[in-house]
Amino acid sequence: MIELKQKKLIRVTLKIKYKKEGIEMDRAEEQIREYEHQADLQRLRGLRPIDDDFMRCLFKDNIELAEFVLRIITGKEDLIITECQTQKDMKRLVGARSVCLDAYGTDSSGKKYDLEIQREDKGANPHRARYHSSVLDVENLNAGQDFHELPDTYTIFITEKDFYGEGKAIYLIERINLTINRPFEDGEHILYVNGEYRGKSDLGKLMHDFNCTNAADMNYEIMAERTRYLKENPRGVNEMCKVLEEMRNETAEKTLVQTIKNLMETMKWSAEQAMAAMKIPMSEQEKYKSRL
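Numbering-wise, the sequence shown is residues 0 to 291 according to numbering that gives the first Met the number 0.
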């Protein structure tokens with residue numbers, strides 16, 4: 000994706016160009032949107048399942064694919080997924096940091112699964128895995144329930160690189176009682192899947208597919224079929240373009256929030272003063288304050 004600053008520069012450059020050519024601003028905006036759309040189509044061709052923005056659509060309304068992937072990762076051949084949501088917001092605790100899960104699933108026995116794509120090592124920090132796991136706990140125990148009613152949870156990080164650098168296909172993280180050297184058996188499971196692994200096992204084949212840009216190069220037809228739909232079918236391409244546009248807007252908002260924070264820190268301003276200096280409309284200020 001063209002970086003946000005570059006896109007802003009391109010937008011400004013095109014507006015100046017269209018103004019000189021006497022093109023009306025409405026038409027100019029239309030042409031700029033078309034330019035961005037063509038850029039999205041170009042980017043779509045290079046996306047892989049291991050890319051966050053592609054994964055948003057990969058598992059959307061596709062329980063069969065989520066079940067297939069989780070069966071391979073967990074080694075549970077009889078796993079039945081009954082529900083799967085993408086970009087699931089977890090905001091149960093007021094004031095706590097919210098988490099948006101890439102793919103959130105439930106199996107037939109009530110176990111919960113959080114499947115995350117982590118392209119960079121900093122995103123796979125063990126503290127982040129711990130927080131994701133704790134969020135699953137908070138989300139799945141209601142007032143009045145006993146603690147033993149907490150479902151087993153699986154927090155799964157698929158990392159583009161081998162996070163632990165040991166060449167293993169998967170790293171299983173479990174709590175143990177160090178004194179007596181026995182499993183703690185609290186139902187919490189954290190798994191790091193090595194996206195670089197290319198062994199002959201089912202997991203090695205799956206990680207190969209996760210790194211493919213072309214459906215024809217994939218091992219598993221269920222992965223290839225979904226990839227073809229999102230890259231070649233007009234309806235699928237439209238879905239992906241909408242996601243890319245949403246991510247553009249999210250990136251712009253994150254940049255705006257960071258700018259507000261920077262002004263507050265360097266100028267010793269309040270949030271209101273920083274947003275006033277940036278000419279953010281009053282009607283939008285509360286939204287950004289909640290994200291500071």
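All C-beta atoms in this analysis are idealised placements derived from N, C-alpha and C, irrespective of residue type, glycine included.
The DSSP-derived three-state label of A102 is strand.
Within the stretch 44-128, the runs of alpha helix (DSSP H) at least 4 residues long that lie entirely inside it are, in chain order, 51-57, 62-73. Per DSSP, reduced to three states, the secondary structure at I157 is strand. With respect to K160, G198 sits apart: the two C-beta atoms are not nearer than 8 Å.
In the structure shown, R290 falls within a coil segment according to DSSP collapsed to helix, strand and coil. The alpha-carbon separation between K59 and T85 amounts to approximately 6 Å.
Annotation for A270: I259, M263, K288, L291 place their beta carbon closer than 7 Å to its own, counting only its chain and skipping 5 residues before and after.
Counted as a single uninterrupted DSSP element, the stretch harbouring E173 is not any beta strand (DSSP E), since DSSP gives it neither H nor E. The DSSP assignment places complete beta strand (DSSP E) segments of no fewer than 3 residues inside the stretch 174-257 at 187-193, in order along the chain. Per the coordinates, the alpha-carbon of I155 lies some 34 Å from the alpha-carbon of E35. Check the Cα spacing between E283 and each of E63, E252, R44: the tightest is with E252.
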